[in-house]
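J.: I am attaching a structure below and will ask some questions about it afterwards.
2 protein chains.
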Amino acid sequence: MAIFSKTCEYAMRAVFYVAQRSHEGYKVGIKEIAGHINSPEPFLAKILQQLSRDGVILSTKGPNGGFYFDAASLNRPLADVVTAVDGDDIFTGCGLGLTYCSESNPCPLHEEFKKVRNQLTHMLHTTTIGKFNLGLIKGKFTLNK
Amino acid sequence: MAIFSKTCEYAMRAVFYVAQRSHEGYKVGIKEIAGHINSPEPFLAKILQQLSRDGVILSTKGPNGGFYFDAASLNRPLADVVTAVDGDDIFTGCGLGLTYCSESNPCPLHEEFKKVRNQLTHMLHTTTIGKFNLGLIKGKFTLNK
DNA sequence: ATGATAAAAGACAAAAATATCTTTTATTGA
DNA sequence: TCAATAAAAGATATTTTTGTCTTTTATCAT
Ligand code: FES
Ligand code: FES
Numbered sequence: 326m327a328i329f330s331k332t333c334e335y336a337m338r339a340v341f342y343v344a345q346r347s348h349e350g351y352k353v354g355i356k357e358i359a360g361h362i363n364s365p366e367p368f369l370a371k372i373l374q375q376l377s378r379d380g381v382i383l384s385t386k387g388p389n390g391g392f393y394f395d396a397a398s399l400n401r402p403l404a405d406v407v408t409a410v411d412g413d414d415i416f417t418g419c420g421l422g423l424t425y426c427s428e429s430n431p432c433p434l435h436e437e438f439k440k441v442r443n444q445l446t447h448m449l450h451t452t453t454i455g456k457f458n459l460g461l462i463k464g465k466f467t468l469n470k
Numbered sequence: 326m327a328i329f330s331k332t333c334e335y336a337m338r339a340v341f342y343v344a345q346r347s348h349e350g351y352k353v354g355i356k357e358i359a360g361h362i363n364s365p366e367p368f369l370a371k372i373l374q375q376l377s378r379d380g381v382i383l384s385t386k387g388p389n390g391g392f393y394f395d396a397a398s399l400n401r402p403l404a405d406v407v408t409a410v411d412g413d414d415i416f417t418g419c420g421l422g423l424t425y426c427s428e429s430n431p432c433p434l435h436e437e438f439k440k441v442r443n444q445l446t447h448m449l450h451t452t453t454i455g456k457f458n459l460g461l462i463k464g465k466f467t468l469n470k
């Protein structure tokens, strides 16, 4: 078990890749994305459809169509992607799986778990979708394998 | 999607409950545990069997039998429970799901994700199974619902 | 020894996550 | 208008997680 679901991992990888290509001025088809982030193509298509419905990513059909981001979207936090595909359990849920995480009726891990959760939340809110465009273009980061 | 799997959540809740009862001098049957941590009884049985096989929890069959911890086991880190049921992906895995998390070929999130992962690891290694015994007996913490 | 108790083990079932395939709709360019 | 392109949508399939049930084995008390 990893921290994020497969769905969420693919979503984040795809978003970073599309952001980079948008920065370079291109729209990207599902095939190209799947190839570059090493994900099953039809499954990824479903994930991007979801992100598109939620308005996180933009898309157009037809020749020269594909997925892309505009300037405003590039500034959205990665947290929006996570929420769209996995909901907000990861931001608010109890570490031991209690129905509600609360200060007044906490589980034993509450105080320490809250710190971890807050740091994760902070990371996902301060990381924008376009944050790694230059690094990706320079080849500093990898998104496949 | 929460951070831990259901299996792992039940395992941690069960372990804390059994630890408390061991501290009070009792062994606990699966029925009592399931009732107090609000988990499906047969499913929890499977989880505890796994922990028992891995030597994380102790058990004896027969009348007055049940699950329990000895003093040494009470000092083991909660991380051992997580590893036994979920493996160590959560301690070492890449946040974006790459096959290997590495410094030399990092994903974009690597630097920040590492911090989150390290804090989680630190929490699970410094929290012993018996750490909350007194708090639980005093009713400071909840393990059900 | 014997019967009662309680975990261990194994087979099975349901639900959710992951993955695939086919058809439809929108867009483009000729 | 028409053919080509590419995402959207819907139906279906597989795998993993989650959950249940039955039988077996070990232990205890009598
Ligand atoms: S109550 Fe469990 S993390 Fe807050
Ligand atoms: S490579 Fe992704 S977290 Fe280290």
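One line per chain: the protein sequences are A and B, in this order.
Every number in our numbering is 325 more than the matching position in the first sequence, counting from 1.
Every number in our numbering is 325 more than the matching position in the second sequence, counting from 1.
Just so you know, even glycine gets a beta-carbon here, dropped at the ideal spot from N, CA and C.
In chain order, what residues of the same chain lie with their CB nearer than 6 Å to the CB of Y335 (chain B), ignoring the 5 residues before and after it?
T.: Excluding sequence neighbours, Y335 (chain B) sits near S364, L369 and I372.
J.: Comparing C-alpha positions only, which one of A:K352, A:T452 and A:T417 sits nearest to T404 (chain A)?
T.: Checking the displayed sequence, the identity of residue 404 (chain A) turns out to be Ala instead of Thr. For the residues A:K352, A:T452 and A:T417, the minimum Cα distance to A404 (chain A) belongs to A:T452.
J.: Any heavy atom of ligand 1 closer than 8 Å to the Cβ of S427 (chain A)?
T.: Yes.
J.: Tell me, please, whether the segment 406-420 of chain B touches the segment 326-340 of chain A by the rule of three or more beta-carbon pairs shorter than 8 Å.
T.: The segment 406-420 of chain B vs the segment 326-340 of chain A: in contact.
J.: May I ask you to list, following chain order, the residues of the segment 443-464 of chain A that have a beta carbon less than 8 Å from some beta carbon of chain B?
T.: Within the segment 443-464 of chain A, the qualifying residues are Q444, L445, M448, T452, K456, F457, G460 and L461.
J.: Using only the heavy atoms of ligand 2, determine whether one of them is closer than 8 Å to the beta carbon of K456 (chain A).
T.: It does not: the Cβ of K456 (chain A) is nowhere closer than 8 Å to a heavy atom of ligand 2.
J.: Using a Cβ-Cβ cut-off of less than 9 Å, give me the residues of the segment 326-348 of chain B that come near chain A, in sequence order.
T.: For the segment 326-348 of chain B, which is checked against every Cβ of chain A, the residues closer than 9 Å are M326, A327, I328, F329, S330, K331, T332, C333, E334, Y335, M337, R338 and F341.
J.: Compute every distance between the C-beta of G420 (chain A) and the non-hydrogen atoms of ligand 1, then say whether any falls below 8 Å.
T.: Indeed, a heavy atom of ligand 1 lies less than 8 Å from the Cβ.
J.: Could you check whether the segment 337-351 of chain A touches the segment 448-466 of chain A, counting it as contact only if at least three pairs of C-beta atoms, one from each stretch, sit closer than 8 Å?
T.: They touch, by the three-pair rule.
J.: Using a Cβ-Cβ distance cut-off of 9 Å, determine whether I358 (chain B) contacts chain A.
T.: By this cut-off, I358 (chain B) is not an interface position.
J.: So V381 (chain B) packs on A409 (chain B), CB below 8 Å; how close in whole Å?
T.: V381 (chain B) to A409 (chain B), Cβ: 5 Å. Contact.
J.: Using a C-beta cutoff of 9 Å, does H361 (chain B) count as contacting chain A?
T.: No, its Cβ sits nowhere closer than 9 Å to a Cβ of chain A.
J.: Are V441 (chain B) and V441 (chain A) touching if we call contact CB-CB under 9 Å?
T.: Cβ atoms of V441 (chain B) and V441 (chain A): closer than 9 Å.
J.: If you draw a straight line from the alpha carbon of E437 (chain A) to that of G354 (chain A), how long is it in whole angstroms?
T.: So the two alpha carbons sit approximately 43 Å from each other.
J.: What separation, rounded to the nearest whole angstrom, lies between the Cα atoms of K439 (chain A) and K331 (chain A)?
T.: If you take the alpha carbons of K439 (chain A) and K331 (chain A), they lie about 24 Å apart.
J.: Starting from L449 (chain B), trace the alpha helix (DSSP H) in both directions and tell me its first and last residue.
T.: Unbroken alpha helix (DSSP H) run through L449 (chain B): H435 to T451.
J.: Using a cut-off of 7 Å between C-beta atoms, extract the partners of G418 (chain B) located in chain A.
T.: Neighbours of G418 (chain B) on chain A, chain order: A327.
J.: Just how far apart, CA to CA, sit G350 (chain B) and D414 (chain B)?
T.: Each residue's Cα considered, the two are about 35 Å apart.
J.: Tell me whether H435 (chain B), by its Cβ, gets closer than 8 Å to a heavy atom of ligand 2.
T.: True, at least one ligand heavy atom lies under 8 Å from that Cβ.
J.: Does DSSP put Y393 (chain B) in a helix, a strand or coil?
T.: Strand.
J.: Along the segment 428-440 of chain A, where does the CB come closer than 9 Å to a CB of chain B? Name the residues.
T.: If the cut-off is 9 Å between Cβ atoms, the segment 428-440 of chain A has N430, P431, C432, P433, L434, H435, E437, F438 and K440 near chain B.
J.: Who are the near neighbours of L399 (chain B) in its chain, counting only those whose CB is closer than 8 Å to its CB and skipping five residues on each side?
T.: A344, S347, H348, T453, I454, G455 and N458, listed in sequence order.
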